[in-house]
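Participant:
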Amino acid sequence: VFSTSRFQLSFAPRGCTVGDYVIAPGAVFAFDSTLGDAQLHFDLETGRDENGIPTFYTNMRVQNLKLAGTTYNDMELTIDISAAGSDVSFYGDFSLPMGSMVGDFELSVNSSLLHMAGDVTLSDWKMVGGSFDINSFNFYMSIDIPFGSGSCSNFSAGISGDMEMG
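Residue 56 is where the sequence shown starts when you use our numbering, and the numbers rise one by one after that.
Pasting the structure below:
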């Protein structure tokens with residue numbers, strides 16, 4: 056029912072070298088597992104960059120998990136934080152009792168720019184006993200905000216779809 060193909064746990068605040076095997080300064084906890092038909096991935100890392108500044112990284116992914124009437128076809132969250140900047144991304148592909156939904160979002164910030172973008176797509180949603188149907192719905196949004204005087208920001212968004220009401 057539950058099996059793990061990879062399991063990693065390391066804790067080396069100052070780093071460690073044993074022969075050819077090198078563990079960078081920091082800590083790691085990671086695994087890849089299956090639970091029935093579902094695949095699970097988890098990766099959490101803390102460390103230090105080449106300048107000794109703390110870093111943080113995590114990646115979590117679930118595929119083909121069926122739970123409470125929802126199938127998580129593919130869902131992934133990644134967070135990467137360092138002195139150079141921060142990046143967060145999320146992707147989700149879900150099959151719900153009323154239809155399908157796919158979402159894709161990203162947020163990044165560094166010393167020169169804040170960027171945020173995302174889109175959501177719904178398809179074949181049947182609600183209220185079939186008297187309210189969303190055949191397709193698409194939403195997209197993107198924002199770029201540069202830092203510094205005289206900088207101009209950019210914003211764009213779009214929406215489209217097809218809906219029927221009985």
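Glycine residues also receive a C-beta, built at the ideal position from the N, C-alpha and C atoms.
#1: Could you tell me the alpha carbon to alpha carbon distance between residue 70 and residue 216, rounded to whole angstroms?
#2: Based on the DSSP secondary-structure assignment, which residues constitute the bridge partners of residue 229?
#3: I'd like the span of the beta strand (DSSP E) that includes residue 143, first residue to last.
#4: Keeping to the same chain, check which residues put their C-beta closer than 6 Å to that of residue 147; ignore five residues upstream and five downstream.
#5: What residue ranges within the stretch 124-204 form continuous beta strand (DSSP E) runs of no fewer than 3 residues, ordered along the chain?
#6: With a CB to CB cut of under 7 Å and the five nearest residues on each side skipped, what residues in its chain are close to residue 165?
#7: Going by the beta-carbon positions, is the gap between residue 93 and residue 78 smaller than 8 Å?
Facilitator: By the coordinates alone:
#1: 53 Å
#2: One cannot answer for residue 229 here, as it falls past the ends of the chain, which runs 56 to 221.
#3: 140-151
#4: 130, 158
#5: 125-137, 140-151, 154-165, 168-182, 187-201
#6: 139, 140
#7: no
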